[in-house]
Each structure stands twice: as C-alpha cells, then as structure tokens.
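Below is one structure, written out as structure tokens, with a few remarks after it.
There are 2 protein chains.
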Amino acid sequence: MPVTIYEPAKLRPGTLRIIPIGGLGEIGRNMASFEIDGKILIVDCGVLFPEEHQPGVDLILPDFSPIRDRLDDIVGVVLTHGHEDHIGAVPYLLRLRADIPLIGSTLTLALIEAKLKEHRITPYTLTVAEGQKEKLGPFDLEFVAVNHSIPDALAVAIKTVAGTVLHTGDFKMDQLPLDNRITDLRAFARLGEAGVDLFMSDSTNADVPGFTPNERDIGPVLETLIAKAPRRVIVASFSSHIHRVQQVLDAAHANGRKVVLMGRSMVRNMGIAADLGYLKVPEGVLLDAKKAVNLPDDKLVYMSTGSQGEPMAVLSRMANQEHQISIGKGDTIILASSLIPGNENGVYRMINGLMKLGANVVHKGNARIHVSGHASAGELLYCYNILRPKNVLPVHGEQRHLVANAALAVQSGVPEENTIIAEDGTVIDLKDGYASVVGQLDLGFVYVDGSSVGEITDADLKDRRILAEEGFVSIFVAVDKQTGRVIVGPEIQARGFAEDGAVFDAVLPQVIKALEDAAANGTRDTHAFQQVIRRTVGRWVNTQHRRKPMIVPVVIEA
Amino acid sequence: MPVTIYEPAKLRPGTLRIIPIGGLGEIGRNMASFEIDGKILIVDCGVLFPEEHQPGVDLILPDFSPIRDRLDDIVGVVLTHGHEDHIGAVPYLLRLRADIPLIGSTLTLALIEAKLKEHRITPYTLTVAEGQKEKLGPFDLEFVAVNHSIPDALAVAIKTVAGTVLHTGDFKMDQLPLDNRITDLRAFARLGEAGVDLFMSDSTNADVPGFTPNERDIGPVLETLIAKAPRRVIVASFSSHIHRVQQVLDAAHANGRKVVLMGRSMVRNMGIAADLGYLKVPEGVLLDAKKAVNLPDDKLVYMSTGSQGEPMAVLSRMANQEHQISIGKGDTIILASSLIPGNENGVYRMINGLMKLGANVVHKGNARIHVSGHASAGELLYCYNILRPKNVLPVHGEQRHLVANAALAVQSGVPEENTIIAEDGTVIDLKDGYASVVGQLDLGFVYVDGSSVGEITDADLKDRRILAEEGFVSIFVAVDKQTGRVIVGPEIQARGFAEDGAVFDAVLPQVIKALEDAAANGTRDTHAFQQVIRRTVGRWVNTQHRRKPMIVPVVIEA
C-alpha cells in the first residue's frame with residue numbers, strides 16, 4: 001500500500017502526540033501510545049491472529065519500535081478489557097520492562113495476570129472501576145463503563161493540558177445487558193459538554209447498518225434448543241464470553257441438565273469469572289467431566305471452545321472422531337459465536353463432519369444464537385451526537401471499517417477535515433483543539449513463531465508460501481576445489497512435488513554436464529556453481545512439469 | 001469421515017444404477033453416472049477449486065475410476081450448463097476417450113468447445129434445447145428449461161425401463177428473468193403427473209430460507225450507482241454471468257458511458273454470448289481498451305473479473321497498483337458477485353487496498369448488487385410439491401446442504417426412508433420405484449497441479465502444509481563407505497525457518513558426533529545414517545526453537 005514514511009518533528013511541550021501502534025488496518029493487535037511532556041501512556045497491547053497467507057505464524061504483535069527506546073518514560077498501560085486482541089501482547093511488552101504498571105478493571109487484570117503467570121511474570125497493577133479517576137504523570141484518566149462481549153470493559157478519557165481524548169476500547173450499546181452495566185452515556189454526555197477534542201472509537205461494526213441486537217435475546221433460543229434436544233447438547237463459544245456461558249448455564253439449569261466445561265481456557269476463565277462474581281453459577285449445575293459418564297445423555301450440556309474450527313480444539317476433534325466423546329445421531333451442536341472471516345472453510349468442514357456423524361448443528365446461519373460485541377452504525381451515531389467531538393480518529397478496524405466510521409462522524413456533523421483515517425504508525429499531534437497528522441512511522445508485523453519473536457520476516461513467509469504451493473528441489477554436489485570436477489553427487493531431494501524424487505533422475509546428466517562446462521570455463525566459485533545448478537534444474541522443471549519449486553543448490557568444495 | 005467402503009453386487013438387467021461421482025460433500029466437480037443394461041450416461045463433468053489446505057493445487061477433478069474401464073460403454077455426457085463446476089473436467093475425460101458425445105444447449109456447447117479448443121480437442125456434440133427429446137441407447141432423455149446464473153441451462157429427465165429420474169442441474173426459479181426463460185414448472189408438473197421415481201436436485205441454497213431475489217432487481221441499483229459515480233466505474237463479476245454483464249451494459253448505456261471488457265475469459269465469453277444472441281450489446285456501447293484513454297473518466301465503465309480477490313486478476317492488480325489503470329479518489333468499484341466461502345480474507349484485503357487508494361467500493365455487504373443463482377428453500381418446496389417424487393437424492397452441496405435439502409423433501413411429504421443422503425461414490429440402484437443404496441466406492445480427489453494430473457497425493461499436500469507452517473532443514477553429508485566416517489559436510493540448508501541457516505551451526509558438532517557414534521557402533525547403512533541425522537536435528541530444533549520443520553537428511557556413501 002502506498003504509505004509515505006516521514007519522521008515527525010520533535011514533540012513540543014504541551015502538545016499531545018498520539019500514535020496508533022496497532023489495530024488500524026486490521027482487526028487485532030490494538031495498541032496506541034499517548035505522549036506529552038516526556039511521558040508516555042499506552043492504551044491496550046493486543047495480538048493479531050495470522051491469516052492463511054502467514055503460514056506457521058502463531059501470533060502477530062504490534063511493532064513496539066515507537067516506544068522501544070522510551071520504555072522508562074511509560075507511565076502505564078491501560079487495558080480496556082480482557083480480550084486477546086487487547087491484552088495478548090502484554091507479556092511481550094513486559095519482557096522489555098517488567099515493571100510497567102498495568103491499569104484495568106478487576107476482571108481485565110485477573111485475566112492478564114493469569115496469562116502472565118504462564119509467562120512467569122508478576123505485574124504491577126492498578127485496579128480501576130467506572131467513574132474512577134487516576135492521575136499518571138501528565139495524564140488525568142477517567143474510566144467510563146462500556147458494554148462489550150466480555151464484562152467489565154472500560155472506555156478511558158485521557159485529559160492533558162493539550163486537550164481531552166476519549167478512547168472507547170471495544171464497545172457496543174446493549175440497553176439490556178445481562179449484568180445491567182450499560183455503556184455510560186451519561187458520562188459520555190458530561191465529557192461531551194466539557195469538550196472532547198479527539199474521539200477514538202471502535203470501528204469494527206461501523207459498516208453494519210442499524211443496531212446490534214441484545215445479548216439477552218439469545219437466552220430463550222438456547223433454552224428452546226436445549227429443551228428440544230433429544231440427547232447431548234454441545235455448545236461452543238469463545239472462552240472469554242462470560243455472559244454467553246452464563247446463558248448456557250441458566251438454560252441448562254432450567255432444563256434440568258448439568259454443564260461440563262471443556263477446554264483449558266474455558267475452565268480457567270470461568271473459574272476466574274465465578275470467583276470474582278462475574279459468572280453466577282446456579283447451584284450444582286456444573287459437573288466434572290469424569291462424572292458426566294454417569295448421567296444420561298439428555299441430562300448433559302457440554303460447553304466448549306473451538307467454534308472457529310481450530311483443528312486442535314475439542315469440537316474439531318469430535319468432528320474428526322478424535323475425541324473421547326463420540327458424536328452421533330440425536331446430538332445437538334450449537335455454535336454460539338461469530339464466524340471470523342477467513343475461518344469459513346474450516347468451520348464448514350467441521351459442521352459437515354459433525355452432520356455426517358448424525359448431529360444436528362445449529363449456528364448463526366440458521367438460528368439467532370450469536371450477537372456481535374461491537375456497536376453498529378446506528379449506535380455509533382448516538383455516540384457522535386452525544387459527544388460532539390472536535391476531532392475523530394476511528395480505531396480498531398480494517399480500512400473499510402475506518403472509512404465507514406469516519407463517514408458516520410461526518411454525517412453527524414463532524415467536519416470532514418477533522419476526521420483522520422490513519423494507519424498503524426501514523427503520528428497525530430493534538431494541541432488547542434486541533435488534531436493533525438505530523439508523521440508516518442514505518443511499522444511492520446512482528447511474528448511470533450514457536451519460541452522466536454520478530455525473527456520471521458515477510459521474506460520468510462513468502463518462502464513458506466512458495467514451499468507450500470510449489471515444494472522444493474534440493475541438489476547437493478561436492479566439487480573438487482582444484483579442478484571443479486564433481487566428486488560426490490549430484491544428489492537430488494524433492495518434497496511437496498511428486499511422490500518421490502525419482503522423476504528428477506532425468507535432469508542429473510544435465511546438471512553434471514552444466515557443472516563440467518562451468519568448471520572447464522574456469523569456474524571455481526561455490527556461488528557460481530550454485531547458480532549453474534539453479535538455472536539448469538529450474539529450467540528443466542519449468543519445461544517438463546510446468547512448476548516453479550524452490551530450488552536449493554548445495555555446493556561443497558572438497 | 002466414517003465411510004464404509006463396499007462393492008455393490010453386479011448390476012442386473014433392467015435396474016438403473018446411479019453413482020454420484022462428484023459434487024456430493026463439496027460445491028463443485030459435479031458429475032453423476034447412470035448405468036442400465038450395459039450402457040452409461042454421464043451428467044456433467046466439472047471441476048472443484050482448491051481450498052487453502054490444498055496449496056499449489058490448480059484444480060480438483062472428479063475421480064473417474066468408476067467409469068475408467070467402461071469408457072466404451074458411455075453413450076454421452078449431458079452438460080446441464082456452462083459453468084466450470086459442471087464442464088471444467090470434460091477435457092480430462094475426453095483425454096481418456098476423445099469421441100464421447102457431449103450433449104447440451106447451444107451456449108453450453110459453445111463454452112465447452114472454446115475450452116476444448118485450448119486443449120486442442122474437437123468434440124462430438126449434440127445440441128439440444130428445452131422440450132427436445134433424445135434417445136441414447138437405453139436412455140430416453142427429455143430436456144427441460146431451468147433458470148440459473150448463466151443462460152440456457154437445462155434440467156434433464158432420464159427415462160429408462162427402471163423408472164424416471166429428474167436431474168435439475170443447477171437452477172433457481174426467478175419468475176422475471178432477463179431472458180424470460182423461466183424454470184419450466186409446467187414440464188415439472190407433467191413429469192410429476194407421469195411419475196418421477198428419483199429426483200436429484202441442486203442443494204446449494206437449501207439451507208437459505210425463503211426465496212432467491214430476482215436478477216432484475218440489480219439493474220436499477222447498478223444504474224443508480226453508475227449515474228452517481230463521479231469518475232470511472234469498475235464492475236467485477238464472473239465472466240460467465242451474461243445477464244449480469246447485460247445489466248451493466250444497459251446501465252452504462254442509459255448513463256451515456258462506454259464499457260470496456262477486461263480479462264481474457266470476460267472478453268472471450270461475452271464474444272461467444274453476443275455472437276449467439278445471449279448478450280444484446282446496445283449499439284456502440286462497447287469500447288476497445290486502447291480507445292478508453294481518449295474518453296473522460298466519467299464516460300467509462302470497466303467490466304472485469306477478479307471479484308474473488310484472485311491475486312493475478314485485474315482487480316487485485318489494481319488494488320496493488322500493479323495495473324495500468326491507477327485507481328484514485330472518485331473511482332467506484334462494484335463487486336457484483338457472491339463472496340465464495342474461503343475467499344473472504346483475499347477479497348477484504350483487495351477491498352481495503354482499493355479503499356486506501358481512495359475508491360468507493362460497493363459490494364454485496366453494502367448494496368443489493370448480487371443475487372444467487374440457486375434455488376432457496378422456498379423454491380425447492382415448490383419443486384417437491386409440484387413433482388411429488390417417489391425418491392429424493394439431493395446433489396450439489398456439502399453435507400449441510402444435502403441434509404437441509406432432504407429435510408425440505410421430508411417436510412413436503414416424501415417419506416424419510418425415501419430420501420438418500422449420499423456421498424461421492426455412493427451406489428444407488430433404482431428399480432420399480434424403489435431406490436436403495438447398494439454400495440460405496442472409494443473415490444478420491446484428483447489434483448491437477450501444473451502439468452500433472454492425479455499424481456499429487458494427499459500425503460504430498462500434507463508435506464506442503466508442513467513446509468508452509470514449519471519450513472524445512474536439509475542436512476547433507478557424505479560418509480566413507482568403509483569406515484562410516486564423515487568425509488564431506490555436514491552442510492545444512494534451511495528455508496522458511498529463519499533468515500538464514502546460520503542458526504543451525506550449533507547443531508553441527510552434535511550431528512558429527514552422532515554419526516561417528518553410529519559408525520563406531522557398526523552402522524554402514526545410508527538409511528540408518530539418515531535416521532540418526534533426522535533424530536539429532538529434529539530433537540535439537542524442537543528443544544531450541546520449539547519448531548518441527550520437515551527434516552531432509554541426505555547421506556551419500558562415497
């Protein structure tokens with residue numbers, strides 16, 4: 001994409017500099033930095049999940065380079081809520097400086113602390129709640145309740161001498177949420193009255209017309225499905241969706257069924273949620289997996305993860321008959337979740353597999369068993385009208401979402417020149433009610449792959465895609481250092497290409513001849529021999545097989 | 001999936017044997033064989049497009065093994081319409097026997113003939129039209145007009161002494177199609193009155209409630225979009241969707257714009273369609289690409305392919321600024337097509353790219369500019385009620401579609417035991433109004449990859465996925481045949497793993513040591529040395545890097 005990179009001018013005292021570090025141009029790895037008078041505040045630090053053109057990548061982190069040399073200036077990281085795309089990169093940030101304070105709600109901090117425990121990090125934390133104000137260096141923070149698909153989410157108002165920013169985090173405006181904790185429009189109104197200079201708002205659903213339906217609407221559907229189910233019910237959802245699980249527990253309880261929680265993250269998160277009072281477990285409804293075998297099938301509900309068709313998760317393993325629970329006729333599977341773009345093939349494969357085993361599969365395509373966690377266009381308009389922000393910076397979304405969100409701002413009366421469609425690394429300065437783009441940093445994707453962080457490059461991923469699509473041919477040869485004559489080999493190995501390398505025997509004489517010719521012409525250089533092999537084999541494979549595998553020549557001078 | 005393979009009993013005279021060869025359990029590679037009294041009729045012979053877990057595969061063919069040894073018994077191939085998933089595998093079938101007659105409508109045959117020309121095959125053809133009857137050996141065929149997203153589609157009634165089968169091909173029931181050629185329910189009624197023993201019907205949209213909207217609804221939307229567009233308009237759709245292109249031509253013409261057709265298949269197909277009268281080109285509306293530079297932007301509409309985000313197609317190249325048409329502010333891009341599952345990430349990447357360049361992108365997510373080509377549940381119910389078939393075999397769909405279609409049949413009164421949910425290779429015998437499953441053949445996926453057909457196996461694809469996700473490490477060594485001592489190497493190459501192989505230097509001493517130990521213990525066998533290398537390097541990479549690359553040891557005894 002055509003981004004012009006340019007360094008911003010040095011930040012002047014009294015000006016607030018905002019850099020979206022991640023989450024613009026993508027759904028995930030949300031992170032933004034705010035700097036004024038030498039101090040930096042971070043909002044969120046999440047991960048992005050890889051797409052199919054990033055094979056083998058486990059996670060994608062924000063590029064920390066804008067703050068890497070400024071770690072000691074960071075006064076804290078505000079975590080708006082406990083989803084992976086907002087907290088997942090915290091362990092990697094704390095590896096750089098372990099004592100950066102984390103600021104968030106009770107549930108958010110409990111979830112990040114559990115995650116950090118796995119990384120053997122004990123963080124410094126500051127628990128905050130809606131309505132609470134905190135001063136961190138030059139930043140006066142006020143936390144505002146917002147409703148989302150995880151409890152205890154917060155927006156944060158960041159007040160500085162340069163002006164006031166309101167950052168929503170992720171939110172929607174369910175008017176009848178399960179916990180009655182609504183997005184606090186009274187606070188939005190009060191902040192709007194006082195003047196919001198920059199509004200950074202969740203764009204995820206900005207291109208969805210109308211209003212996001214209520215979470216509460218799902219309960220009756222779940223209850224009917226469970227009541228009608230002749231045998232086992234297996235519900236799959238996200239392991240952080242405490243209110244969804246709450247509704248499953250309630251629906252199971254109402255139907256005299258027991259619930260077995262399955263999957264490590266589901267068990268862990270619901271344990272935390274129950275301990276802290278976010279999940280209200282009806283007396284005796286939860287059952288240990290081992291005891292489930294003693295109950296008849298029509299008294300059981302399994303609550304699992306794996307709704308996205310993840311191959312290693314419980315549900316996919318059931319579909320592939322690789323799980324101890326063997327699915328059969330009469331079983332009801334409920335995918336009470338979204339279908340994240342890119343996962344369609346995997347999810348449908350799983351659905352088809354479950355149906356072949358005889359299960360009835362209910363999903364959002366055939367029943368109202370999921371609602372989104374994000375505000376749709378209608379709700380965003382409410383926000384713009386109640387806040388009347390001076391400037392708008394849509395965050396959390398791909399280009400299409402950011403553009404749609406900005407269009408809503410303009411429709412509600414924000415001047416078009418005061419809406420900023422930014423990218424990761426765009427540098428925005430705020431001063432006296434003016435927000436302007438003053439630079440563009442060159443930020444990349446930081447890939448986590450096994451134990452390596454940031455070592456895999458886009459070139460490596462391109463190699464991987466070539467390997468996947470074309471396979472490779474490796475040719476080994478040892479040549480005499482003096483004469484250039486082949487003394488061992490050539491030996492050819494190929495993978496991902498055909499059943500074996502026998503097909504390549506035909507090219508061996510050509511390789512030997514080409515090497516001999518090169519040696520006769522005075523070539524003694526390993527690199528030149530490699531080029532000869534690459535050219536000879538590449539041309540032959542392309543002509544004979546219409547394929548372009550990766551060609552890996554290995555020449556040893558002996 | 002748990003399919004029990006068993007051979008059917010020998011086919012008795014007077015019994016009709018039906019084998020769905022492709023298209024059941026997948027959307028694509030549709031093909032079915034019908035055999036009675038020693039003669040075989042084929043209906044359709046299409047391709048399936050690969051998913052992301054089949055990297056490098058160009059096409060997937062039906063497994064011809066049920067008919068491979070019976071080629072001379074084939075009386076003909078009925079092609080219901082000209083889509084790739086119904087005709088794309090014909091060249092591969094005709095490679096086995098070039099003179100198998102192809103039977104289809106004028107447009108269908110024109111499209112397959114154009115395709116066969118590229119394969120340098122001139123087929124034997126029999127052109128048929130709706131209402132026409134033909135006798136091919138023991139098969140009395142009657143062709144029935146059906147409406148679909150390509151003109152001139154046909155259903156086929158296959159009458160034999162064993163009973164009557166009605167095969168819909170792909171269809172929907174648009175009641176106001178552009179060419180006024182509706183699905184002929186009068187013929188359905190007449191066939192139903194006479195008795196349909198087996199109904200094979202398109203399941204693609206069986207799980208979509210209600211009715212598929214009319215193609216005609218799209219015209220006004222296109223016209224409004226083109227009228228409002230300040231600069232160029234680029235419409236992308238499928239190159240076979242003649243009625244969609246017709247509506248674009250008409251809308252452009254109504255707005256005084258010229259249309260430039262782009263992309264080889266678009267130009268070719270519209271040429272055929274115009275020549276045969278299926279596309280009615282308003283006088284002077286088409287413009288050669290070279291002349292377009294002379295017209296102002298607001299007088300131009302480009303009609304292209306690439307709506308699925310295919311990287312090499314015109315539209316993706318525009319999004320990546322790799323096309324001579326450079327997209328900018330004011331340009332309108334209209335994706336007048338479906339979004340095929342699995343293509344989401346690629347399509348959204350393209351949309352985001354186009355939007356970053358300043359274009360307004362209209363797609364089915366934000367405007368009614370596409371309708372499906374397949375009958376929804378409501379339309380299928382009409383079919384069941386008007387036909388009242390004795391037996392039902394849902395075709396064309398994944399398990400979820402087949403199950404949904406069978407459920408509609410049952411709702412309309414077909415006994416559940418008379419609906420057959422089959423798979424590719426299920427053998428169904430029809431006799432005296434009874435249809436029963438009598439066998440299950442073991443059919444596989446036949447992958448086309450470059451010039452290779454059927455050589456790539458699922459094991460090769462698994463190799464490719466491992467290469468993509470984990471890369472490979474290749475270790476070369478030459479050992480002395482007598483002593484087992486390393487005389488050349490070890491030399492390590494790695495790809496897709498880290499920037500270079502330098503990271504592996506640390507394992508070399510271990511490899512040498514392991515080989516020496518093995519040699520000291522008497523190992524002289526190449527295979528055993530390879531195992532030693534594989535184990536040593538594998539363990540080291542797993543421990544040090546938490547990765548499991550493919551390990552390719554090459555041992556030469558010299």
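If you read the sequences in order, they're chains S and R. Quick note on numbering: the first sequence equals residues 1 to 558 in UniProt numbering. Quick note on numbering: the second sequence equals residues 1 to 558 in UniProt numbering. Each residue gets a CB set at the ideal place from its N, CA and C atoms; glycine is no exception. Note that the structure is a prediction, hence the values are computed from the model and not measured.
Buried versus exposed, by CB contacts within 10 Å (16 or more), residue i
i: residue 563/R; result: Nothing can be reported for residue 563/R, as the shown portion of chain R is limited to 1 through 558.
i: residue 312/S; result: exposed
i: residue 583/S; result: Not covered by the structure: residue 583/S. The range shown for chain S is 1 to 558.
i: residue 74/S; result: buried
i: residue 294/R; result: exposed
i: residue 1/S; result: With a pLDDT of only 47 at residue 1/S, under 50, the local geometry of the prediction cannot be trusted, and the value read off the model is given with reservation. Result: exposed.
i: residue 429/S; result: buried
i: residue 521/R; result: exposed
i: residue 482/S; result: exposed
In DSSP terms, what residue i is bridged to
i: residue 260/S; result: 302/S
i: residue 125/R; result: 102/R
i: residue 64/S; result: Answer by DSSP bridge pairing: none, since residue 64/S is not bridged.
i: residue 35/R; result: 17/R and 40/R
i: residue 26/S; result: 397/S
i: residue 145/R; result: 154/R
i: residue 440/R; result: 6/R and 426/R
i: residue 600/R; result: One cannot answer for residue 600/R here, as it falls past the ends of chain R, which runs 1 to 558.
i: residue 508/S; result: Residue 508/S pairs with nothing; no bridge assigned.
i: residue 76/S; result: 41/S
i: residue 464/R; result: Residue 464/R pairs with nothing; no bridge assigned.
i: residue 493/R; result: 474/R
Candidates the options, of which the one nearest residue i by Cα
i: residue 76/R; options: 395/R, 277/R, 138/R and 521/R; result: 138/R
i: residue 271/S; options: 239/S, 143/S and 62/S; result: 239/S
i: residue 532/R; options: 546/R, 476/R and 506/R; result: 476/R
i: residue 421/R; options: 411/R, 431/R, 436/R and 432/R; result: 436/R
i: residue 33/R; options: 49/R, 16/R and 320/R; result: 16/R
i: residue 290/S; options: 316/S, 261/S and 274/S; result: 261/S
i: residue 78/S; options: 264/S, 235/S and 102/S; result: 102/S
i: residue 557/R; options: 556/S, 522/S, 489/S and 550/S; result: 489/S
i: residue 60/R; options: 445/R, 507/R and 487/R; result: 445/R
i: residue 96/S; options: 109/S, 104/S, 82/S and 63/S; result: 63/S
i: residue 92/R; options: 111/R, 83/R, 82/R and 116/R; result: 116/R
i: residue 164/S; options: 399/S, 170/S, 321/S and 431/S; result: 431/S
i: residue 205/S; options: 322/S, 340/S and 390/S; result: 340/S
i: residue 188/S; options: 241/S, 226/S, 223/S and 143/S; result: 143/S
Output the residue ranges of the beta strand (DSSP E) runs that lie fully inside the stretch 176-211 of chain S and measure 3 residues or longer, sorted by chain position.
198-202
To be precise: take each residue of the stretch 362-392 of chain S, compare its Cβ to all Cβ atoms of chain C, and keep it if any distance is under 8 Å. Which residues remain?
Chain labels in this structure do not include chain C; the protein chains are S and R.
Which whole runs of the alpha helix (DSSP H) in the stretch 344-395 of chain R are 4 residues long or more, in chain order?
As far as the stretch 344-395 of chain R is concerned, its whole alpha helix (DSSP H) runs of at least 4 residues are 344-356 and 377-387.
Which complete alpha helix (DSSP H) runs does the stretch 260-333 of chain R hold, if anything under 4 residues is left out?
264-275, 289-292 and 314-319
Between the stretch 180-199 of chain R and the stretch 374-389 of chain R, do three or more beta carbon pairs fall short of 8 Å?
yes
Take every Cβ of the stretch 324-341 of chain R, pair it with every Cβ of the stretch 170-188 of chain R, and state whether three or more of those distances are shorter than 8 Å.
no
Do the stretch 79-89 of chain R and the stretch 19-33 of chain R meet, that is, are 3 or more Cβ pairs less than 8 Å apart?
yes
Any contact of the stretch 411-430 of chain S with the stretch 438-455 of chain S, i.e. 3+ C-beta pairs under 8 Å?
yes
Check whether the stretch 366-381 of chain R touches the stretch 399-416 of chain R, taking contact to mean three or more Cβ pairs, one atom from each stretch, closer than 8 Å.
yes
At least 3 beta-carbon pairs within less than 8 Å: the stretch 248-258 of chain S vs the stretch 298-309 of chain S:
yes
Does the structure place the stretch 124-142 of chain R close enough to the stretch 45-53 of chain R that three or more beta carbon pairs sit under 8 Å?
no
Does the structure place the stretch 460-479 of chain R close enough to the stretch 534-545 of chain S that three or more beta carbon pairs sit under 8 Å?
no
Contact between the stretch 218-236 of chain R and the stretch 364-372 of chain R: three or more CB pairs below 8 Å?
yes
Length at least 4, wholly inside the stretch 505-556 of chain R: the alpha helix (DSSP H) runs in chain order
508-520 and 526-545
Does the stretch 2-14 of chain R touch the stretch 318-330 of chain R, meaning 3 or more C-beta pairs lie closer than 8 Å?
no
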